[in-house]
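Accompanying notes for the structure given below.
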Amino acid sequence: MTWVTVKAIKTSKDDMAGVGFSRKSKSSPLILARVDKIGLFGNSPLIPGLIVQKINGRDMTWVHPKDAAAEILKAPRSISITAEGFVGNVWKPRKTPTGVVLKDAEDGSVFVFQMRPDSIFLGSDIKVGMEVVAINGSPCPKPAWRATHALQRSTGKVKVVAINCTRPGRNLDKGEWWRSTRKEQESQHVESLVARAPPMMEDEYTPTFFETFCGMFPHSQSIFGTAYDRRPDFLRGVSLPSLIPGQKMVRFNSKSNTIRAYDPNGRTTKMFRLALPVS
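Take the sequence shown: its letter number 199 is residue 221 in my numbering, and every next letter is one higher.
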């Protein structure tokens with residue numbers, strides 16, 4: 023986490039702060055959208071993408087951008103801005119992959135979906151599940167493939183700003199879990215989570231290959247079932263909501279990364295979609 027508190031002094035009425043604000047919705051935090059180089063904060067540590075916490079001591083996290091701009095304008099002489107965010111400031115040699123996978127969320131934002139063990143952002147503030155709001159001082163391009171291209175063509179100093187903001191369609195728990203919006207249908211129940219397991223060939227397993235354990239998921243639902251078949255590493259550590267009593271088999275499909283649970287009559291009753299990180 024990066025915290026920045028900057029104070030600027032107006033020397034004349036014509037001095038401009040040179041900062042802009044934005045937010046996506048009423049439930050979204052106030053974001054520092056731009057920092058003009060010729061403004062009062064041009065040489066400050068403020069960078070686009072940070073969440074604005076306070077302006078002149080007033081809480082600004084959830085206010086409208088117009089209210090934040092008005093607070094700047096009415097400041098008689100000094101302007102103080104406090105902002106926070108997760109900053110990945112790394113060095114990227116030419117033709118070196120970034121080692122991160124970006125994807126589009128349902129609300130249109132771009133978030134970090136996967137991070138490889140050799141990623142250049144490993145050890146920085148950037149973690150899986152965070153929303154990318156700025157790349158190299160500019161707003162994050164959308165959709166995700168544009169943001170990925172912007173990172174790939176960057177060389178030298180690369181700066182990525184992200185925020186950890188829980189929204190529908192994405193939930194981050196200690197930087198390790200990502201869960202999509204819960205969708206319920208008549209014949210199946212879809213859950214999404216991050217699984218730490220390698221893709222495998224399609225196969226079938228009976229409940230005898232499963233050992234149960236209790237845990238808590240983001241929705242405070244008791245969950246059971248850690249796969250424990252003849253390959254001990256198969257989906258070990260993956261938490262699955264408890265299966266419907268009477269189900270006889272489970273099938274894992276490596277192409278679609280789904281696990282389907284069948285009842286004794288062969289009808290699909292639950293489906294779990296897994297997001298497998300690159301090992």
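Beta carbons are placed, not taken as given, at the ideal position from N, Cα and C, and that holds for glycine.
All figures in this text were calculated on a predicted structure; none of them were measured in a lab.
For the 8 Å Cβ check, are there 3 or more pairs between the region 178-186 and the region 111-131? These segments touch.
Rounded to whole angstroms, what's the CA-CA distance from residue 96 to residue 90? Just pull it up for me. Taking the first residue of the sequence shown as position 1, residue 96 is located at position 74. Taking the first residue of the sequence shown as position 1, residue 90 is located at position 68. If you take the alpha carbons of residue 96 and residue 90, they lie about 10 Å apart.
Contacting residues, own chain, Cβ-Cβ under 6 Å from residue 137 (five flanking each side not counted): Walking along the sequence shown from the start, residue 137 turns up at place 115. Excluding residues within five positions, the ones whose Cβ falls inside 6 Å are 122, 150.
In whole angstroms, give me the CA-to-CA distance for residue 167 and residue 125. Along the sequence shown, read from residue 1 onward, the residue named residue 167 stands at position 145. Along the sequence shown, read from residue 1 onward, the residue named residue 125 stands at position 103. Here the C-alpha atom of residue 167 lies approximately 8 Å from the C-alpha atom of residue 125.
According to the neighbour-count rule (16 or more other Cβ atoms, all chains shown, within 10 Å of its Cβ), is residue 142 buried or exposed? Start at 1 with the first residue of the sequence shown, and residue 142 comes out as number 120. Burial call: buried.
Applying the 10 Å Cβ sphere with the 16-neighbour rule, what's the burial state of residue 31? By one-based count along the sequence shown, residue 31 stands at place 9. By the neighbour-count rule (16 or more Cβ atoms within 10 Å), residue 31 is not buried but exposed.
Tell me the DSSP bridge mates of residue 306? Here the chain covers residues 23 to 301 and nothing more, so residue 306 does not appear.
Selected residue, minimal CA-CA separation from residue 160, among 63, 69, 28: Within the sequence shown, the letter at position 138 stands for residue 160. Nearest option by C-alpha distance: 69.
Could you check if residue 34 is buried or exposed, using at least 16 other CB atoms within 10 Å of its CB as the buried criterion? Position 12 of the sequence shown, counted from the start, is the residue given in the question as residue 34. So residue 34 ends up on the exposed side.
Does the beta carbon of residue 172 come closer than 9 Å to any beta carbon on chain C? Of the protein chains in the structure, only one exists, and it is not chain C.
From the DSSP output, in three-state form, read off residue 196 for me. In the sequence shown, counting from the first residue as 1, residue 196 sits at position 174. Only weak support is given to the placement of residue 196: the predicted model assigns it a pLDDT of 27, under 50, and the question is left unresolved by the model.
Quick one: what does DSSP say residue 124 is sitting in, helix, strand or coil? Your numbering for residue 124 matches position 102 in the sequence shown. When DSSP states are grouped into helix, strand and coil, residue 124 belongs to the strand group.
Name the residue from 146, 177, 152, 76 whose alpha carbon lies nearest to the alpha carbon of residue 127. Position 105 of the sequence shown, counting from 1, holds the residue named residue 127. Of the candidates 146, 177, 152, 76, the residue whose Cα lies closest to the Cα of residue 127 is 152.
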